[in-house]
Structure formats: structure tokens, C-alpha cells
Amino acid sequence: MPLMQIIVIAIIQGITEFLPISSSGHLAITSDITGWADQGLAMDVMLHVGSLFAIIVYFWRDVLNLAIGGLNLLRGRLTPHGKLALYIVLATIPAVIFGLILKKTGALDALRADDLLKLQVVGWAAIVYGALLYLADRFGPSEKAMENMTLPPALVIGLAQMLALIPGTSRSGITMTAARFLGFSRPEAARFSFLLGMPAIAGAGLLTIKDAIETGTTMSSDVWLGAGLSFLASFAAIAFLMALVKRISFLPFVLYRFALGIFLLAMAYGYVSL
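Residues in the sequence shown are numbered from 1110 upward in steps of one, following this note's numbering.
Listed below in C-alpha cells is the structure:
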């Protein structure tokens, strides 16, 4: 794989995985502009591994507390961190079930095989879910912190995460939208979204690893480079977003999603050609 392709897709994936702007939309544009071939299963796995480690490193205190709480839970001792760990696990289940259904039915594979339909879906999703993010951020209260999390809101955010399987939705964007509608502050909505993303990203990575093993795919030096670049880009994106949402609203990301969606739809309906 060309070095430039590794660098570009790793940076795009790492940044857009965590900013609420849709990684699939940007990868679709990149593919159309460059004409690059698909990066393959092994690269997909390692890009997600890099993103996962970025969450673990940035939120290492939260991750450590969740791990300790989970161990205490297994020993029959319920602590606040143990409850939060349980909520994250339970909130992940809807997306796992929905993902398995889509995988078994081949719905997502069919969508990926139709470039025109994919552009249309990603474009409309970028606009519609951008509008929802604006409404949630504009009118949602901001009095709750992650320590106030209970099972019902965790499950609602988990159900929202299912929609992230639709290209163009943005996993971080839809979970932050749900959290804002439920009254969590911007920093706390982002924090819970990233922690909730750990099992989701890990699960997607394990499924891809399984597919890679079944197809006999090997791990070359290219994929390790991609993982490293994805880690750096992901860490920078997380740090940038966490700093930004303490000062301003999600409006810049909403406007960006609108622009992205309009551009993709213009491409899909033949008004713009690359």
C-alpha cells in the first residue's frame, strides 16, 4: 500500500472517529478523489486498535476506575464505578445485536457495494443527524454529570448508538446527541460517549480480526504504521474535542455536517463531479 494512502486514511479515520462529523462520509470523499483501492481487513483492524488505545490512554483514570469497579462487581461488591461499568456493558448490547443482524442479512455489505446509494445515505444522514445534534445542544439542559448516570439514560444512549451503524451517522455524534437531549453537559456527554465507544470499537475490531483470520490476511509493517498514526490522530481529536466543548457549543460541527452532507448529495445527484 502506498505510504501516502496509509498516512491519509489513518489520520482521517483517527480524527473523524471521535469528532461528531462521520468518518464514513470523509472516507467516501477520499475514495472518490484518490481512486485508492480498499485498504483491506488488516488495516481496518489496526486503525480501530489505534483509536481504542487513544481512548484508554486519554481517559486512563476513568478506565482504571471502571476496571476496578468491574472486578469488585464480579466479587459481589457494587460500587459507583462498578455500576457505571455495568451500564456501559448493558448500553453496548443493542448495537451489538443490531450489528450482528446487519452482518447476517448482508444489508451493510449491499450498501457498501453501491457507491451511489452509499453517497446518498451518508449525505442525508450527515444532514439529518446534524440537525438533531443542533436541537439537542441548543435546547437540552446541562445539569447532569456522568456520576448522575443511571440505567435508563444509559440504555437510551445505547439504543442511539445502534444508529451509528448507518453510514454517515457518526457514533460519537449520535451518542452525544442522545446524552445532550437527556440533560448531560457537553463535556460529560463527550466523556460518556468515548467510554461507551471502547467496547463498541473493541467488538468491531474483534469481528474484523475474525474475518481477517478466516481469509488468511497477514499483518504487515503497513498496518502497524497505520495503527500508530491512527492512535496519534485519535488522541489529538479527543483532546481537541474535550477542550473545545468546555468553551463553545457543538454548532461548528453541525455546520460542518451540513456542508459535508450537501456536498455528498451534490456528488450523488450529479451536480458535482470529482
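Quick reminder that beta carbons are idealized off the backbone N, C-alpha and C, glycines included. These numbers were taken from a predicted model, which means no experiment stands behind them.
With 16 or more other Cβ atoms from the protein chains shown falling within 10 Å of its own Cβ, Phe1359 counts as buried.
Rounded to the nearest angstrom, the gap between the Cα atoms of Leu1128 and Ile1121 is 11 Å.
For Leu1373, the uninterrupted alpha helix (DSSP H) run begins and ends at 1360-1377, by DSSP.
Exclusion of the five residues before and after Gly1249 leaves Arg1289, Phe1290, Gly1292 as the residues of its chain whose Cβ lies within less than 7 Å of its Cβ. Membership of Val1237 in the alpha helix (DSSP H) is indicated by the continuous run 1224-1248. The beta carbon of Lys1253 is closer than 6 Å to those of Gly1292, Phe1293 in its chain, skipping five residues each way along the sequence. Per DSSP, reduced to three states, the secondary structure at Lys1355 is coil, with no helix or strand assignment. Nearest Cα to Leu1193 within the set Phe1301, Gly1134, Leu1369: Phe1301. DSSP, read as helix, strand or coil, puts Phe1293 in strand. It is roughly 24 Å from the alpha-carbon of Gly1337 to the alpha-carbon of Leu1353. The way I'd put it, the stretch 1270-1278 does touch the stretch 1231-1243; three or more beta-carbon pairs between them come closer than 8 Å. The C-beta of Ala1137 has 16 or more other C-beta atoms within 10 Å across all chains shown, which makes the residue buried.
For secondary structure counted as the alpha helix (DSSP H) over 4 or more consecutive residues, the stretch 1113-1149 holds these complete runs in sequence order: 1132-1143. Contact annotation: Ala1273 and Met1285 have beta-carbon atoms that are not nearer than 7 Å.
Comparing alpha-carbon positions, the option among Pro1308, Gly1159, Ala1313, Ile1322 lying closest to Leu1199 turns out to be Pro1308. Put simply, of Gln1270, Pro1361, Val1230, Ile1266 the residue whose alpha carbon is nearest the alpha carbon of Met1255 is Ile1266. For Thr1201, the enclosing alpha helix (DSSP H) begins and ends at 1189-1214. Nearest Cα to Met1152 within the set Phe1303, Phe1344, Val1332: Val1332. Leu1268 and Gly1379 have their alpha carbons spaced roughly 35 Å apart.
In the DSSP secondary-structure assignment, Lys1253 is bridged to Phe1293.
Setting aside the 5 residues that flank it on each side, Trp1233 is surrounded in the same chain by Gly1277, Gly1370, Leu1374, each with a C-beta closer than 8 Å to its C-beta; the list follows chain order. As the crow flies, the alpha-carbon of Arg1170 is around 30 Å from that of Ser1133. Boundaries for Met1258: no alpha helix (DSSP H) harbours it, and the DSSP string shows neither H nor E there. Ala1119 is positioned such that its CB atom lies closer than 7 Å to that of Ser1339. The closest CA to that of Leu1242, considering only Arg1186, Leu1316, Ile1283, is found on Ile1283.
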